[in-house]
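Under this note's numbering, the first residue of the sequence shown is numbered 39, with each subsequent residue one higher.
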Amino acid sequence: MNQNKRIAKQRERRRYRVRNRLRWDAGRTTVENRRPRMNVFRSNKHMYVQIIDDEAGRVLASASTVERAFRDQQSYGGNVAAATIVGRLIGQRAVEAGIKRVAFDRREYRYHGRIAALAAAAREAGLEF
């Protein structure tokens, strides 16, 4: 198996492991204690974060590096500084919407670099996960 296929398989297994853990946590808690899911998508140039209520199928809050609130602060969206700004934005918007606790869905991305910076900034803004 060549290296690209091996890495793709590792990412796929990691993605399923993270999502299954989130589903297991949601299934073992009561309805009142369920948390919305904070989903992260990362590309080479941009970063997108959504807080999703899976039961209702609605997006409760979102932030990304392509919106005006981000562009006023920084022009490039593919680095750790950009992830910190997006984390701060999603944290502020979630607190304004009355969301305090979320389940962090990092997908197949490892918890370092931009993902860790986004999580730390969201925690500083008031989110718990």
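Heads up, the beta-carbon is just placed ideally off N, CA and C, and yes, glycines get one too.
For clarity, every value in this text was computed on a predicted model and none was experimentally measured.
Between the C-alpha atoms of residue i and residue j, what's the straight-line distance to the nearest angstrom?
i	j	result
S127	E50	According to the sequence shown, residue 127 is Leu rather than Ser. Answer to the nearest angstrom: the Cα atoms are 29 Å apart.
R152	P74	21 Å
N82	R109	17 Å
A157	L60	16 Å
A121	E162	13 Å
K43	A155	28 Å
Please work out which residues of its chain come closer than 8 Å, Cβ to Cβ, to residue i, disregarding the five sequence neighbours upstream and downstream, and give them in chain order.
i	result
Q111	I123
A107	A101, L127
Compute the distance between the beta-carbons of residue i and residue j, then report whether it is under 8 Å.
i	j	result
A99	G125	no
F167	R139	yes
Take residue i and list the residues in its own chain whose beta-carbon comes closer than 6 Å to its own, dropping the five residues that flank it on each side.
i	result
G116	N82, K83
V104	H84
So within the segment 100–140, which uninterrupted beta strand (DSSP E) runs reach at least 3 residues, ignoring any that extend past its ends? The beta strand (DSSP E) runs of length 3 or more contained entirely in the segment 100–140 do not exist; there are none.
Could you check whether the segment 73–89 touches the segment 129–149, counting it as contact only if at least three pairs of C-beta atoms, one from each stretch, sit closer than 8 Å? Counting C-beta pairs with one atom in each stretch, the segment 73–89 and the segment 129–149 have three or more that are closer than 8 Å, which means they touch.
Measuring CB atoms only, is the segment 128–139 touching the segment 85–97, in the sense that at least three cross pairs come out at less than 8 Å? With the cut-off at 8 Å, the segment 128–139 and the segment 85–97 touch.
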